[in-house]
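Residue numbers (our numbering): 2 to 244. For every residue, glycine included, the Cβ atom is placed at its ideal position computed from N, Cα and C. Nothing here was measured: the structure is a model prediction, and the numbers come from that model.
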Ligand code: SAM
């Protein structure tokens, strides 16, 4: 790949993007969970509860939680009896997650450093694939969707939750002002890292709108690709099935 891609609002090579995304999450790993609460006013907990309710993990199912970071989504799924592999490109995020899981005594979890674009799991390994607030950071999104399809069993479910930039008049202006000004400042005070949080805001703004991403999920080969706005439309749950 030689074409330039966006790292936030900057154009960089694909390799540079993957490297810099890695640096962002290594830098934010220790404060990641606290920052999530501050940036969303605790809403991310509710979004993740709703997300897992949509995934409907069942006892004994094998689920791949891709870009699973510090394990927030995986913890909710193992509590329902699923076996969850938390995979992430960033070992620092997984390290924080493993420590949290040990503290809570949660069984049913395994952890793997992996790039969503090139997975080493065998074909047809999982009943469900989840990716929450992760795919917008991936350099080659169609490659990651192709890998999701490959590692799912027939009848397997794909679920992704992402921010959806809002078009609502008034709301979008208000949200833009909050996101662009306040989030990097909170990042500076809490995590001493303004730049990483500026990237996170820019990456949300640049992620395709829900109809465009739904089309990408369908193009990857998933059937019944759907985009469901959640709780005011700030986030969207995307889903699809492998037949
Ligand atoms: N899913 C978790 C959650 O909702 O709390 C973590 C989300 S965090 C915003 C995004 C995660 O995506 C980071 O842990 C980052 O390391 C991971 N990530 C970014 N690019 C990736 C890639 N190409 N493959 C796998 N993980 C990636």
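Distances from the CA of residue 239 to each of 8, 35, 118 and 53 were compared; the closest alpha carbon is that of 53. Put simply, the backbone Cα of residue 151 is about 21 Å away from that of residue 59. If the five residues before and after residue 185 are omitted, its C-beta is found closer than 6 Å to the C-beta atoms of 195, 198 and 199, all from its own chain and listed in chain order. Going by DSSP, residue 111 is part of the beta strand (DSSP E) stretching over 110-114.
The beta carbon of residue 216 sits closer than 8 Å to those of 226, all from its chain and outside the five residues before and after it, given in chain order. Between residue 192 and residue 94, the C-beta spacing is not below 7 Å. For the ligand SAM, a non-hydrogen atom lies closer than 6 Å to the CB of residue 90. When 132, 146, 87 and 157 are compared, the shortest CA-CA separation from residue 164 is found for 132.
By the Cβ criterion, the stretch 79-93 is not in contact with the stretch 200-210, since fewer than three pairs of Cβ atoms, one from each stretch, lie closer than 8 Å.
In the DSSP assignment, residue 205 falls within the unbroken alpha helix (DSSP H) covering 195-207. Under the DSSP definition of a beta bridge, residue 130 partners with 65 and 159. In this chain, the beta strand (DSSP E) harbouring residue 11 covers 11-13. Within the same chain, Cβ atoms closer than 6 Å to the Cβ of residue 81 are found at 58, the five residues on either side in sequence being excluded. The three-state secondary structure of residue 181, taken from DSSP, is helix. Taking the Cβ atoms as the reference, residue 13 lies roughly 7 Å from residue 6, within the contact range of under 8 Å. It is roughly 17 Å from the alpha-carbon of residue 105 to the alpha-carbon of residue 46. In the three-state scheme derived from DSSP, where H, G and I count as helix and E and B as strand, residue 91 is classed as coil.
Per DSSP, residue 6 is one residue of the beta strand (DSSP E) stretching across 6-8. Sixteen is the threshold: since fewer than 16 other Cβ atoms of the shown chains lie within 10 Å of the Cβ of residue 35, the residue is exposed. Counting along the chain, residue 147 sits inside no beta strand (DSSP E); it lies in the alpha helix (DSSP H) bounded by residues 142-152. Taking the Cβ atoms as the reference, residue 67 lies roughly 5 Å from residue 117, within the contact range of under 8 Å. In the three-state reduction of the DSSP assignment, residue 240 falls in the strand class. Take residue 222, set aside five residues on each side of it, and the residues of its chain with a beta-carbon closer than 7 Å to its own are 150, in chain order. Taking a contact as a CB-CB distance under 8 Å, the pair residue 76 and residue 107 counts as one, their CB atoms being some 6 Å apart.
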